[in-house]
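Report on the structure given below.
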Amino acid sequence: MRCILLYNPNSGKGKLHKKLPYIQKKLREKFDEVVVQTTSSAEDFEHRVRMSAEEYDCVLFSGGDGTFHHVIQALRGKRASLGYLPSGTVNDVARSLKIPRTVRGALKVILKGEPQNLDCMEVNGSQYAMYIAAAGAFTRATYATPQNKKRLFGALAYAVEAVLHDLKLQVFPLKIECGVQTLETHAVLILVMNGTSVAGFPLNRKGSMTDGKLEIAVIRQVKRPNFFQKIGALFSVASLFVFGCKIKKRDVAFFSGEEVRIRTSEDVVWDFDGEEGIKGNVTVKACPERITLFVPKK
Numbered sequence: 009m010r011c012i013l014l015y016n017p018n019s020g021k022g023k024l025h026k027k028l029p030y031i032q033k034k035l036r037e038k039f040d041e042v043v044v045q046t047t048s049s050a051e052d053f054e055h056r057v058r059m060s061a062e063e064y065d066c067v068l069f070s071g072g073d074g075t076f077h078h079v080i081q082a083l084r085g086k087r088a089s090l091g092y093l094p095s096g097t098v099n100d101v102a103r104s105l106k107i108p109r110t111v112r113g114a115l116k117v118i119l120k121g122e123p124q125n126l127d128c129m130e131v132n133g134s135q136y137a138m139y140i141a142a143a144g145a146f147t148r149a150t151y152a153t154p155q156n157k158k159r160l161f162g163a164l165a166y167a168v169e170a171v172l173h174d175l176k177l178q179v180f181p182l183k184i185e186c187g188v189q190t191l192e193t194h195a196v197l198i199l200v201m202n203g204t205s206v207a208g209f210p211l212n213r214k215g216s217m218t219d220g221k222l223e224i225a226v227i228r229q230v231k232r233p234n235f236f237q238k239i240g241a242l243f244s245v246a247s248l249f250v251f252g253c254k255i256k257k258r259d260v261a262f263f264s265g266e267e268v269r270i271r272t273s274e275d276v277v278w279d280f281d282g283e284e285g286i287k288g289n290v291t292v293k294a295c296p297e298r299i300t301l302f303v304p305k306k
């Protein structure tokens with residue numbers, strides 16, 4: 009069998025290249041041919057994944073959640089057997105799938121794990137997201153935090169960026185339709201989730217990438233909140249991340265379904281897997297068994 013390893017040298021702290029001799033040695037235990045290539049941009053990465061899916065038995069890649077996002081864009085209309093070496097700052101996809109976040113552990117999954125067909129999410133019929141589509145409070149930090157700060161401070165860099173720029177908690181209108189469930193309100197945060205981990209927190213503990221369903225969480229807010237209502241919203245956001253979707257608060261709403269239609273204002277920016285996405289209205293639906301990835305046997 010032939011495999012190719014693609015990696016972004018700027019992902020996370022950029023240390024993967026130092027471990028390449030060890031990685032190649034281990035991969036040769038399973039694959040007859042091991043090719044390693046670096047990528048220079050998101051566009052270059054997607055192009056190489058698209059081409060490699062046709063040429064190799066297995067496409068391995070290293071990077072963070074944003075890198076995973078670009079991989080699944082490249083596979084639109086294609087099938088490929090994937091292996092993942094998490095090397096990003098938070099690695100929510102790896103956390104959701106119980107893939108170790110060490111090179112040694114992730115390699116063991118590729119060598120001895122099993123390929124599993126996983127769900128992803130399709131947004132507006134034109135692009136994919138693997139584990140999160142989000143808008144509102146603190147979501148900007150995931151794509152606005154400079155790479156050099158992430159290298160120096162890790163996940164703490166996101167927190168600093170959020171505190172410096174996102175504490176105002178923009179209030180935006182929402183109209184949500186999820187099956188027979190509907191909600192029309194104003195909000196400071198909406199999360200559409202496929203998996204268990206968000207920002208390194210096990211927020212959606214009962215979530216799964218194999219059940220064909222999405223989970224949606226909304227932090228509601230009045231249109232023009234006063235000081236105490238703003239503080240209350242901050243507390244609700246913090247409570248959601250600390251206690252997860254099991255919390256019961258009047259301003260927190262939950263939905264679950266195979267598809268959700270969300271109508272909002274045109275200036276609302278969406279975050280897809282930690283990458284800056286489109287603005288305004290979205291329709292998100294689960295795509296069952298769309299991605300094939302080596303995961304731990306259990």
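So in my numbering, the last spot in the sequence shown is 306, and the numbers never skip.
From the three backbone atoms N, C-alpha and C, an ideal C-beta is built for every residue, glycine too.
Residue i versus residue j - alpha carbon distance
i	j	result
Phe76	Asn202	14 Å
Cys295	Pro17	30 Å
Ala61	Glu41	15 Å
Val260	Val245	9 Å
Arg271	Ser95	35 Å
Glu297	Leu14	23 Å
Asp279	Ala149	10 Å
Thr153	Glu185	32 Å
Tyr136	Ile227	24 Å
Test item: CB-CB of residue i and residue j under 8 Å
i	j	result
Val200	Leu177	no
Gly282	Asp73	yes
Thr346	Leu182	Residue 346 falls outside the range modelled here, since the chain spans only 9 to 306, and no answer is possible.
Gly1	Ile80	The structure shown has nothing for residue 1, since the chain only spans 9 to 306.
Val268	Leu222	yes
Tyr151	Glu274	no
Leu119	Glu37	yes
Ile255	Ser247	yes
Distance between beta carbons of residue j and residue i, contact taken as under 8 Å
i	j	result
Val290	Phe180	Actually they are not in contact, since the Cβ atoms of Val290 and Phe180 sit about 13 Å apart, beyond 8 Å.
Asp127	Thr218	6 Å
Ser216	Arg103	So it is not a contact: roughly 13 Å between Cβ atoms.
Val111	Leu93	6 Å
Limits of the unbroken beta strand (DSSP E) element including residue i
i	result
Ala137	Gln135 to Ala137
Pro17	Run containing Pro17: none; DSSP gives neither H nor E here.
Gln45	Glu41 to Thr46
Gly91	Ser89 to Pro94
Pro181	Phe180 to Cys186
Asp279	Val277 to Phe280
Thr75	Taken as a continuous stretch (DSSP letters only), Thr75 belongs to no beta strand (DSSP E), being part of the alpha helix (DSSP H) at Asp73 to Ala82.
Ser296	Note that residue 296 is Pro in the sequence shown, not Ser. Element bounds for Pro296: Val290 to Val303.
N- and C-terminal bounds of the alpha helix (DSSP H) containing residue i
i	result
Glu63	Ala50 to Glu63
His194	His194 -> not in any alpha helix (DSSP H); beta strand (DSSP E) instead, spanning Gln189 to Met201.
| Length-filtered (4 minimum) alpha helix (DSSP H) runs lying within the segment 97-150 | 100-105 and 111-120
| Hey, which unbroken runs of the alpha helix (DSSP H) at 4 residues or more fall wholly within the segment 198-265? | 235-251
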